[in-house]
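Peer 1: Residue numbers (the working numbering): 7 to 610. Below is one structure. I have some questions about it.
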Amino acid sequence: MDVMGDKATLFETGRFVQPSGRDGVGVGEAADDAAEEVRQRLAAEAGDVEAMSVLGALLLRRGDLDGAEPHLRAATAAGDRAAANNLGVLLHQRGYADDAAGWWRIAAVAGSAAAAHALGRHHRERGDEPAAEYWLRQSAEQGHALGAYALADLLEHRQDAGAEQWMRIAAERGHREAAYRLARALDRRLGPEGDVGDDHGAGAEAELWYRQAAARGHRRAALHLGAILERRGALKEAGRWYLTSAKDGEARAACALGFLLRDAGDPESAAVWWLRAAQDGDGNAANALGALHAERGEPQTAERWYRAAMDAGDDNGAYNLGLLCAEQGRTAQAEQWYRRAAYAGHREAANALAILLLQGGDTAGAEPWFSKAAEAGSVDAAFNLGILFAGRGEEAVALRWYERAAAAGHTEAALQVGIARLREGDEAGAERHLRCAAGGGSAEAAYRLATVLDARRPPAPEHSLGEPVHEEKSECEEWYERAASQGHRRAQVRVGMLAAARGDVVEAARWYREAAEAGSRNGAFNLGLLLAREGSEPEAAVWWARAADAGHGRAALRLALVYARRGELAEGQRWADRAVALGPAEVSERAARLRDALREELSA
């Protein structure tokens, strides 16, 4: 409510004038106020109506209701509408709301926008919305910012489309709460993940109003502005607004500032702000502190903060307690905390609980929790359901869950869908899913995608090893190399073969050796071939022996031939026997002939 009616500046955070002390007022300013009061008092005693009104307003602002009332009544009796408005304020502070409304009505009818606003608020508190709307509209149409805001609030409560217009008017007239609420309304139109900074419509306008409200000291506006800037990547400016909001007591801003500092490599400063936010009841900050102490190897302190998060109503606290207990091998307690979080609707806790039950052999108990988590949007749970049903042989049901997880970007699920499509003969569908999985970092998907593309290539012309063949690397070779660089042994062998086909013996040997050392019998066999052709048969025999010991029939046959040429017939016969046993059929047949020949030679 305006003191001195239309000309006074309103207290934005309250309806009525609040008593204020003189703390912080300079000596000169206090002296000026005192001199002004003396001047107004002398003029009022001389019968000046305006001086009576001003003096009453000064005393009212100071909280001297007894001193203000006679001056305001005298000015009101002389027809001063500002005095009538302030008399209403005074009576309302004394607890005489109906008497106050009577004086506000007099002032409002006389044209006081402030009084019309006060009268409108009075009627709304009494539940008389039609009367409230009438008087608030009168105030708003006269350019009163609080009247416009109160009218917008009333219309918004009714879900009236005209609310935004008045909220905008109030914001344009400097009302910071109106600016904030207008920004929130515009922001909500973009959806939960909308980045207002990238939108040139509602998003850009929302950011503008957040800025205006934040600049006027609105701490939640500063918080939201910081979030917009953080999403955009303007981290320094975001940090400044978070700091402004946090210093004003916004716990969420303190928490967000902590995360910014942590990501910038300053966990100690982050902990200071998380502590401040957690002490103000922010569960997210308490969880962050718990995680920080857990990383430092301080499980007891971590558990204390997780419990604080849970007490603040953050279900992540119970989930994190479950994770902490599981890491310590306290399975029963982990299950207890997972259940608590899962029953509260925490989808990842439901998934973790299902995994825990599955590891304990309770498949029947795990399935409903996987389902609950998946239905709530857990991508991992959808994938795990696929694994569960595939293990039962229910491939069609498993595929549906894999497809659901793959659609949400789960790499391994996309691989499983790609494999299923290959089995069905749907090469196009398989390629699409394998590309997604390979792009997500799956080495197996990259290898399988490469094999699909490789099968489409025309056959390469025959050539001798070491002859240079000038070919550009195909896409399939690039995918083979990506899988090989991730340690995929079959891809490493294939990359070696393609390098050999190009005449790059050194590159081929490198990939064969890498695969062989990782346990690939084909890599060891091919490395042996390459070394033998380069004249290093003794080293080749070492790799063939490794491959044969791993079950490679052709490597065993090669060794039998090596020992036969050396005249070591018994050793050659031993490897020939091994080749017969290992196969395949073609190798077994050749090895049997060699074995028989060696046996005859030995018995001769």
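Glycine residues also receive a C-beta, built at the ideal position from the N, C-alpha and C atoms.
Buried or exposed for residue 82, going by 16 or more other Cβ atoms inside 10 Å?
Peer 2: As a working mapping, residue 82 is identified with position 76 in the sequence shown. Residue 82 should be labelled buried.
Peer 1: Excluding sequence positions up to five away, which residues of its chain have a Cβ less than 8 Å from the Cβ of residue 542?
Peer 2: Taking the sequence shown and counting its residues from 1, the one referred to as residue 542 is at position 536. Correct list: empty, nothing qualifies.
Peer 1: Could you tell me which whole alpha helix (DSSP H) segments of length 4 or greater appear in the region 147-172?
Peer 2: Here the runs fully enclosed are 151-163.
Peer 1: Measuring alpha carbon to alpha carbon, tell me which residue in 448, 92, 46 is nearest residue 79.
Peer 2: Taking the sequence shown and counting its residues from 1, the one referred to as residue 79 is at position 73. Nearest C-alpha to residue 79: 92.
Peer 1: Mark residue 38 as exposed unless 16 or more other C-beta atoms lie within 10 angstroms of its C-beta, in which case mark it buried.
Peer 2: As a first step, residue 38 must be located in the sequence shown, where it is residue number 32. That one is exposed.
Peer 1: DSSP three-state label for residue 590, please.
Peer 2: Taking the sequence shown and counting its residues from 1, the one referred to as residue 590 is at position 584. Three-state DSSP puts residue 590 in coil, outside helix and strand.
Peer 1: Please go through the same chain and pick out, in chain order, the residues whose beta-carbon is closer than 7 Å to the beta-carbon of residue 395, but skip the five residues on each side of it.
Peer 2: To locate residue 395, count along the sequence shown from 1; it is residue 389. 403, 404, 407, listed in sequence order.
Peer 1: What is the DSSP secondary structure of residue 508, reduced to helix, strand or coil?
Peer 2: One-based indexing of the sequence shown puts residue 508 at position 502. Coil, per DSSP.
Peer 1: Once DSSP output is grouped into helix, strand and coil, what is the label at residue 236?
Peer 2: Taking the first residue of the sequence shown as position 1, residue 236 is located at position 230. Three-state result, residue 236: helix.
Peer 1: What residue from 438, 294, 413, 489 has the CA that sits closest to residue 447's CA?
Peer 2: Translated into positions along the sequence shown, residue 447 becomes position 441. With distances taken between Cα atoms, residue 447 lies closest to 489.
Peer 1: What is the DSSP secondary structure of residue 243, counted as helix, strand or coil?
Peer 2: Numbered from 1 along the sequence shown, position 237 holds the residue referred to as residue 243. Here residue 243 sits in helix by DSSP.
Peer 1: Secondary structure at residue 334, three-state DSSP: helix, strand or coil?
Peer 2: Within the sequence shown, numbered from 1, the residue matching residue 334 stands at position 328. Residue 334: coil per DSSP, three-state reduction.
Peer 1: Can you tell me whether DSSP reads residue 1 as helix, strand or coil?
Peer 2: Within the shown structure, residues of the chain are numbered from 7 to 610, placing residue 1 beyond reach of any answer.
Peer 1: Which one of 193, 226, 195, 330 has the shortest CA to CA distance from residue 623?
Peer 2: Past the boundaries of the shown model lies residue 623; the chain is included only from 7 to 610, so the question cannot be answered.
Peer 1: Confirm, please, whether the CB-CB distance from residue 235 to residue 220 is below 8 Å.
Peer 2: Taking the first residue of the sequence shown as position 1, residue 220 is located at position 214. Taking the first residue of the sequence shown as position 1, residue 235 is located at position 229. No, the pair does not count as a contact, with Cβ atoms beyond the cut-off.
Peer 1: Of all the options 117, 163, 486, 118, which has the alpha carbon lying nearest to the alpha carbon of residue 139?
Peer 2: Taking the first residue of the sequence shown as 1, we reach residue 139 at position 133. Among 117, 163, 486, 118, the Cα nearest to that of residue 139 belongs to 163.
Peer 1: Just to confirm the assignment, what range does the alpha helix (DSSP H) spanning residue 365 have?
Peer 2: Here residue 365 is taken as the residue at index 359 of the sequence shown, counted from 1. It spans 353-365 - the alpha helix (DSSP H) in which residue 365 sits, taken as one unbroken run.
Peer 1: Taking the alpha helix (DSSP H) that residue 186 belongs to, which residues open and close that run?
Peer 2: Numbered from its first residue, the sequence shown carries residue 186 at position 180. Looking at the DSSP string, the run of the alpha helix (DSSP H) that includes residue 186 is 182-194.
Peer 1: Tell me where the alpha helix (DSSP H) around residue 285 begins and ends.
Peer 2: Taking the first residue of the sequence shown as 1, we reach residue 285 at position 279. That run of the alpha helix (DSSP H) goes 273-285.
Peer 1: Would you kindly work out how many angstroms separate the C-alpha atoms of residue 470 and residue 370, rounded to a whole number?
Peer 2: Along the sequence shown, one-based indexing puts residue 470 at 464. Along the sequence shown, one-based indexing puts residue 370 at 364. Only weak support is given to the placement of residue 470: the predicted model assigns it a pLDDT of 48, under 50, and the value that follows is read from those uncertain coordinates. About 60 Å.
Peer 1: In whole angstroms, what is the alpha-carbon distance linking residue 103 and residue 110?
Peer 2: Here residue 103 refers to the residue found at position 97 when the sequence shown is read from its first residue. Here residue 110 refers to the residue found at position 104 when the sequence shown is read from its first residue. If you take the alpha carbons of residue 103 and residue 110, they lie about 10 Å apart.
Peer 1: Who are the near neighbours of residue 501 in its chain, counting only those whose CB is closer than 6 Å to its CB and skipping five residues on each side?
Peer 2: Along the sequence shown, one-based indexing puts residue 501 at 495. So the qualifying residues of the chain are 486, 487, 490, 517.
Peer 1: Please name the residue, chosen from 250, 283, 56, 519, that lies closest to residue 258 on a Cα-to-Cα basis.
Peer 2: What you label residue 258 is simply residue 252 of the sequence shown in a count that begins at 1. Of 250, 283, 56, 519, the residue nearest in Cα terms is 283.
Peer 1: Thinking just about the alpha-carbon of each residue, which of 462, 41, 382, 77 is nearest to the one in residue 52?
Peer 2: Translated into the one-based positions of the sequence shown, residue 52 becomes position 46. Nearest option by C-alpha distance: 77.
Peer 1: Take the Cβ of residue 458 as the centre, count every other Cβ of all protein chains shown within 10 Å, and call the residue buried at 16 or more, exposed below.
Peer 2: As a working note, residue 458 is residue 452 in the sequence shown. Buried, because 16 or more other Cβ atoms sit within 10 Å of the Cβ of residue 458.
Peer 1: Pull up the CB-CB distance for residue 153 and residue 122, whole angstroms please, since I reckon it's below 8 Å.
Peer 2: Counted from its first residue, the sequence shown places residue 153 at position 147. Counted from its first residue, the sequence shown places residue 122 at position 116. That belief holds up - the Cβ atoms of residue 153 and residue 122 are roughly 6 Å apart, short of 8 Å.
Peer 1: So does the region 546-562 actually touch the region 587-594, counting three or more Cβ pairs closer than 8 Å?
Peer 2: Touching, yes, given that three or more Cβ pairs across the two stretches are closer than 8 Å.
Peer 1: If you measure from the CB of residue 210, is any heavy atom of the ligand GTP nearer than 7 Å?
Peer 2: Only the bare structure without any ligand can be found here, which leaves the ligand GTP out of the picture.
Peer 1: Here's the rule: buried if 16 or more other CB atoms are within 10 angstroms of the residue's CB, otherwise exposed. What is residue 378?
Peer 2: Mapped onto the sequence shown, residue 378 falls at position 372. With 16 or more Cβ atoms within 10 Å of its Cβ, residue 378 is classed as buried.
Peer 1: Using a threshold of 8 Å, state whether the C-beta atoms of residue 534 and residue 549 are closer than that.
Peer 2: Position 528 of the sequence shown, counted from the first residue, corresponds to residue 534. Position 543 of the sequence shown, counted from the first residue, corresponds to residue 549. Yes; because the gap between Cβ atoms is below 8 Å, this pair is in contact.
Peer 1: Relative to the alpha-carbon of residue 217, which residue among 243, 195, 503 has its alpha-carbon at the smallest distance?
Peer 2: Locating residue 217 in the sequence shown gives position 211, counting from the first residue. Among 243, 195, 503, the Cα nearest to that of residue 217 belongs to 243.
Peer 1: Would you please verify whether the beta carbon of residue 379 is less than 8 Å from any beta carbon of chain C?
Peer 2: The structure shown contains no chain C; it is built from a single protein chain.
Peer 1: Can you name, in chain order, every residue of its own chain whose Cβ lies under 6 Å from the Cβ of residue 278, other than the five neighbours on each side?
Peer 2: Position 272 of the sequence shown, counted from the first residue, corresponds to residue 278. Counting only Cβ-Cβ distances below 6 Å, and skipping sequence neighbours, we find nothing.
Peer 1: Tell me the residue span of the alpha helix (DSSP H) that contains residue 99.
Peer 2: Within the sequence shown, numbered from 1, the residue matching residue 99 stands at position 93. Here the alpha helix (DSSP H) through residue 99 covers 87-100.
Peer 1: With 16 as the cutoff for other CB atoms within 10 Å, does residue 288 come out buried or exposed?
Peer 2: Counting from one through the sequence shown, the residue named residue 288 turns up at place 282. Residue 288 is buried by the Cβ-count criterion.
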